[in-house]
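Quick note on numbering: numbering that gives the first Met the number 0 labels position 343 of the sequence shown as 342, and the sequence is numbered without any gaps.
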Amino acid sequence: MPRLDLIVVPGVALLAGIVIGAVLYRLGVTDAVGAMLVAGFITIVASYCDMILDRTSERARTQSTIDHMRVDADLTRRAVIELKQHMDTSIALKGERMASEMKLLESLVRKLAEGIAGRSKQIAPAAGEAIAIAARTTTDTPNDVMLDTVRRSLEENRIDIYLQPVVSLPQRKVRFYEALTRLRAADGTIIMPSQYMQVAEPAGLMSVVDNVLLFRCIQILRNLSNKAQDIGVFCNLSRETLQDQIFFAHFTEFMQQHKELAGSLIFEISQETLEQGTPAEIANLSQLADLGFTFSMDKVTTLDIDFASARARQVRYFKVPANLLLADASKSGARVHPGDLKELLARFGLNLIAEKVENERDVIRLLDHDVDFGQGFLFGEPQQIRDTLIGQRQQRPAPQIAPPPQRLRAIKRA
């Protein structure tokens, strides 16, 4: 579309020239030819001046555009530099996390190998392989069979994660989940913790279970944070894990890389460990506390608890069975009446969770005790989580923890 000033300005200049020429002609200053020359001269001069002004304006606009482009280019260059720095930092951080994960996985494999090797020391065949195999069929105990099943489940990563909700009372809004593990035998049979723990603990395999659970909890929390869900997860930490200094050093290094989860990941420690733990175990807990992680006391058998000491060790939650909370003070061992327990906990900034809540009558009685949270089948049974919730694709099998040494697979079990 043509610019109007290219038509209007010359037209106005021509009109002005004609008017001035006509005036000069009428006044007798010049003849007709002179008037026409004056009109033409004025038109040319006016058009030339307009052209100069137009070019000056165009140059100014062009220079402004160039300046803006230079600013944009500079901003783009800075953004590229910042993006590169961010990517370098992110890659370095992921590299550090991967290294710490690999170290922890190596420790897991070592623990698994030690558990299997411990079993192998019990093997003393007096004759050939045929005799050993025949002896196995007649001497295996139920615990031997269970340990073999547990070992194979760990080797082949048949570990399922279940989540059970922990709800606020009286609103019954989900505020936390407790992560639980179930093992699967080769035929798909579910092995409950009460079944595998009694053989896994003596064999030194519980830290393997605990830390596979930890990996999954971190994946769950990342997924929940991506969905903007402010929900915490309780993750069990066994005494065996706290006792292994070499393994725990790698464990602490791994948690150092994930300390941003300190507000969402709560480690569950048994009452026995917190109150009767060795100096080494307490020191290991202190390392986690120094990273900002907090603890929940579970497996509570008595309410005769030093709450000030627990608070100093970063304990923030107490999981107490509902029947223990509702029992008489003489039976629960509480230093105060159960109805006053919540008030005592509040003085130390501690939260009370009633677990194993099975019926509405218990809920009514617990509300009289001002219990903060509840957990139990009444509020929700443990549900196996989907692969997508822990960042894995459903169409692919779960990745192996690490391939166990083949020579350990070949060890005969008595």
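A virtual CB, placed ideally from N, CA and C, is assigned to each residue, including glycine.
Could you round the C-beta distance between residue i and residue j to whole angstroms and report it? I think they count as a contact, below 8 angstroms.
{"i": "Ser-206", "j": "Thr-240", "result": "4 angstroms"}
{"i": "Val-370", "j": "Leu-351", "result": "5 angstroms"}
{"i": "Phe-347", "j": "Phe-306", "result": "5 angstroms"}
{"i": "Ile-158", "j": "Val-208", "result": "7 angstroms"}
{"i": "Asp-297", "j": "Gly-338", "result": "That pair is no contact at about 22 angstroms."}
{"i": "Ala-195", "j": "Leu-213", "result": "Here residue 195 turns out to be Tyr, not Ala, going by the sequence shown. With a Cβ gap of about 17 angstroms, Tyr-195 and Leu-213 do not count as contacting."}
{"i": "Gly-16", "j": "Thr-42", "result": "4 angstroms"}
Per DSSP, what kind of secondary structure is residue i in: helix, strand or coil?
{"i": "Glu-154", "result": "helix"}
{"i": "Met-296", "result": "strand"}
{"i": "Asp-71", "result": "helix"}
{"i": "Gly-16", "result": "helix"}
{"i": "Glu-380", "result": "coil"}
{"i": "Arg-54", "result": "helix"}
{"i": "Ser-29", "result": "Checking the displayed sequence, the identity of residue 29 turns out to be Thr instead of Ser. Correct three-state label for Thr-29: coil."}
{"i": "Asp-49", "result": "helix"}
{"i": "Ala-185", "result": "coil"}
{"i": "Glu-259", "result": "helix"}
{"i": "Gly-373", "result": "strand"}
{"i": "Ile-80", "result": "helix"}
{"i": "Ala-178", "result": "strand"}
{"i": "Asn-209", "result": "Here residue 209 turns out to be Asp, not Asn, going by the sequence shown. The answer is helix: DSSP assigns Asp-209 an H, G or I state."}
{"i": "Phe-266", "result": "strand"}
{"i": "Gln-218", "result": "helix"}
{"i": "Glu-162", "result": "Note that residue 162 is Leu in the sequence shown here, rather than Glu. In this structure, Leu-162 counts as strand in the three-state DSSP scheme."}
In terms of residue numbering, what span does the alpha helix (DSSP H) encompassing residue i cover?
{"i": "Thr-272", "result": "270-275"}
{"i": "Val-319", "result": "Here Val-319 belongs to no alpha helix (DSSP H); instead the beta strand (DSSP E) covers 314-320."}
{"i": "Pro-337", "result": "Unbroken run through Pro-337: none, as it is neither H nor E."}
{"i": "Ala-309", "result": "306-311"}
{"i": "Asp-303", "result": "No alpha helix (DSSP H) holds Asp-303; DSSP gives it neither H nor E."}
{"i": "Arg-364", "result": "359-367"}
{"i": "Met-289", "result": "A small correction: the amino acid at residue 289 is Asp; Met does not occupy that position in the sequence shown. It spans 278-289 - the alpha helix (DSSP H) in which Asp-289 sits, taken as one unbroken run."}
{"i": "Leu-241", "result": "238-242"}
In or out: residue i buried (at least 16 other Cβ within 10 Å) or exposed?
{"i": "Asn-358", "result": "exposed"}
{"i": "Gly-276", "result": "buried"}
{"i": "Phe-40", "result": "exposed"}
{"i": "Pro-278", "result": "exposed"}
{"i": "Gly-10", "result": "exposed"}
{"i": "Val-70", "result": "exposed"}
{"i": "His-249", "result": "buried"}
{"i": "Leu-26", "result": "exposed"}
{"i": "Lys-318", "result": "buried"}
{"i": "Thr-61", "result": "exposed"}
{"i": "Val-380", "result": "In the sequence as displayed, the identity of residue 380 is Glu instead of Val. Exposed."}
{"i": "Leu-74", "result": "exposed"}
{"i": "Gln-270", "result": "buried"}
{"i": "Glu-154", "result": "buried"}
Please return the same chain residues whose Cβ sits closer than 8 angstroms to the Cβ of residue i, not counting the five positions on each side in sequence.
{"i": "Phe-175", "result": "Pro-164, Val-165, Ile-230, Gly-231, Val-232, Phe-233, Ile-265, Phe-372"}
{"i": "Arg-312", "result": "Leu-273, Ile-281, Leu-284, Ser-285, Ala-288, Phe-294"}
{"i": "Met-254", "result": "Leu-287, Leu-290, Phe-292"}
{"i": "Gln-242", "result": "Thr-277, Ala-279, Glu-280"}
{"i": "Leu-344", "result": "Phe-306, Phe-317, Asn-350, Leu-351"}
Please work out which residues of its chain come closer than 7 angstroms, Cβ to Cβ, to residue i, disregarding the five sequence neighbours upstream and downstream, and give them in chain order.
{"i": "Val-173", "result": "Pro-164, Val-166, Ile-230"}
{"i": "Ala-21", "result": "Ala-34"}
{"i": "Leu-260", "result": "Ile-217, Leu-220"}
{"i": "Ala-184", "result": "Thr-148, Ser-152, Ile-190"}
By Cβ distance, which residues of its chain are closer than 6 angstroms to residue i, with the 5 residues on each side in sequence left out?
{"i": "Asp-289", "result": "none"}
{"i": "Arg-151", "result": "none"}
{"i": "Pro-141", "result": "none"}
{"i": "Leu-325", "result": "Arg-364"}
{"i": "Met-145", "result": "Val-198"}
{"i": "Arg-238", "result": "Thr-272"}
{"i": "Lys-258", "result": "Leu-290, Gly-291"}
From which residue to which residue does the beta strand (DSSP E) around residue i run?
{"i": "Val-198", "result": "Here Val-198 belongs to no beta strand (DSSP E); instead the alpha helix (DSSP H) covers 192-199."}
{"i": "Asn-350", "result": "350-354"}
{"i": "Val-232", "result": "231-235"}
Does any heavy atom of the ligand PLP sit closer than 6 angstroms to the C-beta of residue i?
{"i": "Ala-78", "result": "With respect to the ligand PLP, the structure shown offers nothing to examine, as it has no ligands at all."}
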